[in-house]
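Chemist:
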């Protein structure tokens, strides 16, 4: 067994996390593509995820290190998983989803494939991934990493970062970037909400005429 496991990191204040719960990923996208995970899609609709990142690196077909990541995670965490090598080997499925719900995870992001898709949709834990697969990892117990830096596409993800995901995709922001962007994001969201209400009122008026 060759695991590299660091302690969980919490770089985000509860206040910052709470404020980001009202910020859609597309609002961030109006300002920058920095931190946007290209190619990572929501597994189902009406999905929302905000949380503190726990990073995991798996080496399919060995997925056993995910047990260690689940054990050290805390309520509100998001597991962000880099799959090294075989991208068609599903490393996340129903049983790990149930374990994640018990732990209180806010969501899971997989740079690779997931399995048990019908069950994952049923249980409702927010899951984002690149693909789905019937071929899956197993408990070899040879290699894996938790709370080490990982790379999702071109984006480096650190333990303790902020993960924001919804139907439009996933952003990863470090604490400093999240703090810096927040005032602009809140102004943008407030403005959009006001304009949305105005447009809906005008549309309702047109439909009555």
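In the working numbering, the protein residues as written are 29 to 237. Glycine included, every Cβ here is placed at the ideal spot set by N, Cα and C. Keep in mind it's a predicted model, so treat the numbers as computed, not measured.
Consult DSSP for residue 208 and reduce its assignment to one of helix, strand or coil.
Modeler: Within the chain shown, the letter at position 180 stands for residue 208. Looking at residue 208 - three-state DSSP - the assignment turns out to be helix.
Chemist: Drop a sphere of 10 angstroms on the beta-carbon of residue 156, count the other beta-carbons inside from all chains shown, and report buried for 16 or more, exposed for fewer.
Modeler: Sequence index remark: in the chain shown, residue 156 carries index 128 (1-based). Result: buried.
Chemist: Using a Cβ-Cβ cutoff of less than 6 Å, which residues in the same chain neighbour residue 165 once the five nearest sequence positions on both sides are dropped?
Modeler: As a first step, residue 165 is located in the chain shown; it is residue number 137 there, counting from the start. Closer than 6 Å at Cβ, skipping near neighbours: 88, 89, 91, 117 and 119.
Chemist: Quick one: which unbroken beta strand (DSSP E) runs of 3-plus residues sit fully inside the region 39-119? Chain order, please.
Modeler: Those beta strand (DSSP E) runs which fall completely within the region 39-119 and span 3+ residues are 76-86 and 105-111.
Chemist: Could you give the first and the last residue of the continuous beta strand (DSSP E) run that contains residue 139?
Modeler: By one-based count along the chain shown, residue 139 stands at place 111. 135-142 is the span of the beta strand (DSSP E), which, as asked, contains residue 139.
Chemist: Look at residue 106 and residue 191 and say whether their C-beta atoms are less than 8 Å apart.
Modeler: Residue numbering aside, residue 106 sits at position 78 when the chain shown is read from its first letter. Residue numbering aside, residue 191 sits at position 163 when the chain shown is read from its first letter. Cβ atoms of residue 106 and residue 191: closer than 8 Å.
Chemist: Please classify residue 143: is it buried, with 16 or more other beta-carbons within 10 angstroms of its beta-carbon, or exposed?
Modeler: Within the chain shown, residue 143 is the residue found at index 115, counting from 1. So residue 143 counts as buried.
Chemist: Under three-state DSSP, which class holds residue 150?
Modeler: Here residue 150 corresponds to residue number 122 of the chain shown, with the count starting at 1. The answer is helix: DSSP assigns residue 150 an H, G or I state.
Chemist: Measuring straight from C-alpha to C-alpha, what distance separates residue 219 and residue 236?
Modeler: The count along the chain shown starts at 1 and reaches residue 219 at position 191. The count along the chain shown starts at 1 and reaches residue 236 at position 208. Their backbone Cα atoms lie some 26 Å apart in a straight line.
Chemist: Alpha carbon to alpha carbon, what distance is there between residue 210 and residue 52?
Modeler: Translated into positions along the chain shown, residue 52 becomes position 24. Translated into positions along the chain shown, residue 210 becomes position 182. Approximately 12 Å between the Cα atoms of the pair.
Chemist: What residue does the alpha helix (DSSP H) around residue 173 start on, and which one ends it?
Modeler: The sequence position of residue 173 within the chain shown is 145, counting from 1. No alpha helix (DSSP H) contains residue 173, which is instead part of the beta strand (DSSP E) from 171-174.
Chemist: With three or more beta-carbon pairs closer than 8 Å as the criterion, would you say the region 96-103 touches the region 70-78?
Modeler: In short, these stretches do not touch, since the Cβ pair count stays below three.
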